[in-house]
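Asks: One structure coming up, written as structure tokens, with questions to follow.
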Amino acid sequence: GNVGAVILSQTGTTATVDDHLNVSGGVSGATVTLTRAPAAGIDHFLAGNAKDIWIKNIEVKNYATPRGRAAIHPQVGDDSTQRGMKWHIQDCIIHDNACEGGRICDGAIYENTRAYNNGDIGLCGVGLNAVVRTCEVNNNNAYNNPVGFDASGMKFATCFGLRIYDNLVYSNSGNGIWMDVDCQESKVFNNFSWNNSGCGVLVETSYHTEIHGNCFWSNGTSPSGTFYVGGGNVIISASSDVDYSYNWIG
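My numbering puts the sequence shown at residues 377 to 626.
This is the structure:
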């Protein structure tokens with residue numbers, strides 16, 4: 377079922393300072409080159425704008441990711457217009473990276489993956505028709521960066537057709553689930569989001585969002601800080617056409 381995909385799979389493997397790959401290449405089904413970079417200055421596990429990348433059963437930790445970069449970084453540097461397509465991250469553990477744990481891209485899927493204790497954000501990014509499902513995202517923003525910029529459990533921007541469902545999102549320093557800056561046609565359903573210092577879910581300057589069947593409780597745990605910290609379980613800000621129904625608030 378994964379014809380043309382590059383598959384990185386090694387059960388129980390822990391990424392070390394020497395495990396650093398750049399991926400580039402053509403369209404789906406083409407040969408994609410994996411190139412090892414020198415050990416010096418390692419700041420990500422996998423990065424580039426290749427298509428059809430499958431990452432499975434790998435632990436990704438302790439990368440010195442700079443601001444705005446993720447350990448799994450499906451784009452070229454800071455340019456989100458040069459992003460990959462159809463990266464599938466399955467059954468992975470992404471933790472203790474300096475800034476972001478993992479980014480999405482067009483058609484990305486994160487599933488059965490845990491992202492925790494990353495310095496700024498667990499999962500984030502820009503993309504079309506990306507999916508985050510059955511993941512556990514907790515204790516991110518370990519460095520307690522200002523929440524007003526981006527620090528949170530999950531934060532996505534300029535996305536279309538994003539699907540976030542059946543996840544556990546808890547104990548993040550910042551918002552649990554955050555859609556910001558022109559996210560459209562997003563669906564957030566059947567998630568449990570609790571004990572985040574900011575909101576359980578924040579929809580900001582976004583449109584046509586559906587929030588169904590979630591459970592939000594004990595969010596807004598910090599009375600101080602910036603930008604909605606202590607704001608509560610659910611906040612809809614400067615957004616339109618948000619369908620919020622059949623959720624449980626505690």
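Where a beta carbon is used, it is the ideal one built from N, C-alpha and C, also for glycine.
For PRO522, count the other beta carbons within 10 Å of its own beta carbon; 16 or more makes it buried, fewer makes it exposed. Which is it?
Replies: Along the sequence shown, one-based indexing puts residue 522 at 146. That one is exposed.
Asks: Here's the rule: buried if 16 or more other CB atoms are within 10 angstroms of the residue's CB, otherwise exposed. What is PHE421?
Replies: Residue 421 sits at position 45 when you count from the first residue of the sequence shown. Buried: at least 16 other Cβ atoms inside 10 Å.
Asks: Does the beta-carbon distance from ILE434 to CYS481 come in below 7 Å?
Replies: Along the sequence shown, read from residue 1 onward, the residue named residue 434 stands at position 58. Along the sequence shown, read from residue 1 onward, the residue named residue 481 stands at position 105. Contact flag unset, no.
Asks: Would you give the residue range spanned by the beta strand (DSSP E) that ASN551 belongs to?
Replies: Counting from one through the sequence shown, the residue named residue 551 turns up at place 175. Where ASN551 is concerned, the enclosing beta strand (DSSP E) stretches over 551-556.
Asks: Which whole-angstrom value describes the C-beta separation of CYS575 and ASN595, a residue pair presumed to lie in contact below a C-beta threshold of 8 Å?
Replies: Stepping through the sequence shown from its first residue, residue 575 is reached at position 199. Stepping through the sequence shown from its first residue, residue 595 is reached at position 219. At roughly 6 Å, the Cβ-Cβ gap stays under 8 Å, so CYS575 and ASN595 are in contact.
Asks: Compute the Euclidean distance between the alpha carbons of ASP619 and ILE587, then round it to the nearest angstrom.
Replies: Position 243 of the sequence shown, counting from 1, holds the residue named residue 619. Position 211 of the sequence shown, counting from 1, holds the residue named residue 587. So the alpha carbons of these two residues sit roughly 6 Å apart.
Asks: Go ahead and pull the three-state DSSP assignment for GLU476.
Replies: Within the sequence shown, numbered from 1, the residue matching residue 476 stands at position 100. Residue state, collapsed to three classes: strand.
Asks: For the candidate residues ALA447, GLY608, SER598 and PHE592, whose alpha-carbon lies nearest to that of SER629?
Replies: Residue 629 lies beyond the residue range present for the chain, which begins at 377 and ends at 626; the question has no answer from this structure.
Asks: Using 10 angstroms around the beta-carbon of PRO450, count the other beta-carbons present and answer buried if the total reaches 16, otherwise exposed.
Replies: As a first step, residue 450 is located in the sequence shown; it is residue number 74 there, counting from the start. Burial call: buried.
Asks: Secondary structure at CYS630, three-state DSSP: helix, strand or coil?
Replies: Look at the range of the chain in this structure, 377 to 626, and you will see that residue 630 is not part of it.
Asks: Using DSSP with H/G/I as helix, E/B as strand and the rest coil, what is GLY503?
Replies: Working through the sequence shown from its first residue, we reach residue 503 at position 127. GLY503 falls in the coil class under three-state DSSP.
Asks: Please list, in chain order, all residues of the same chain as HIS584 whose beta carbon is under 7 Å from its beta carbon, the five residues on each side excluded.
Replies: Numbered from its first residue, the sequence shown carries residue 584 at position 208. So the list reads GLN560, GLU561 and ASP617, once near-sequence residues are dropped.
Asks: Spell out the partners DSSP gives THR585 in its beta bridges.
Replies: As a working mapping, residue 585 is identified with position 209 in the sequence shown. VAL618, per the DSSP bridge assignment.
Asks: Who does ALA533 pair with in a DSSP beta bridge?
Replies: Translated into positions along the sequence shown, residue 533 becomes position 157. Bridge partners of ALA533: ASP556.
Asks: In the DSSP output, what is ILE418 paired with across the bridge?
Replies: In the sequence shown, residue 418 corresponds to position 42, counting from 1. ILE418 is not bridged to any residue.
Asks: Going by beta carbon distance, what residues of the same chain come within less than 6 Å of ASN438, once the five residues before and after it are set aside?
Replies: Here residue 438 refers to the residue found at position 62 of the sequence shown. Around ASN438: ASP472.
Asks: May I have the straight-line CA-CA distance separating ARG479 from ILE611, to the nearest angstrom?
Replies: For the purposes of this step, residue 479 is taken as the residue at position 103 of the sequence shown. For the purposes of this step, residue 611 is taken as the residue at position 235 of the sequence shown. Near 24 Å, if we compare the C-alpha coordinates of ILE611 and ARG479.
Asks: Give the DSSP-derived three-state secondary structure of ILE625 in the structure shown.
Replies: Taking the first residue of the sequence shown as 1, we reach residue 625 at position 249. Here ILE625 sits in strand by DSSP.
Asks: On a CA-only basis, which of SER573, ASN590 and ASN551 is nearest PHE565? Give me that one, please.
Replies: Working through the sequence shown from its first residue, we reach residue 565 at position 189. If we check each option's Cα against that of PHE565, ASN590 comes out closest.
Asks: Pick from TYR519, ASN505 and SER569: whose alpha carbon is nearest that of HIS464?
Replies: Taking the sequence shown and counting its residues from 1, the one referred to as residue 464 is at position 88. Considering only alpha carbons, the answer is ASN505.
Asks: For GLY552, count neighbouring Cβ atoms within 10 angstroms of its own Cβ and tell me buried if that reaches 16, exposed if not.
Replies: Along the sequence shown, one-based indexing puts residue 552 at 176. By the 10 Å Cβ count, GLY552 comes out buried.
Asks: Taking the alpha carbon of ARG443 as the point to measure from, which residue in ASP526, VAL452, ALA484 and ARG490 has its own alpha carbon closest?
Replies: The sequence position of residue 443 within the sequence shown is 67, counting from 1. When each option's Cα is compared against that of ARG443, the closest is ASP526.
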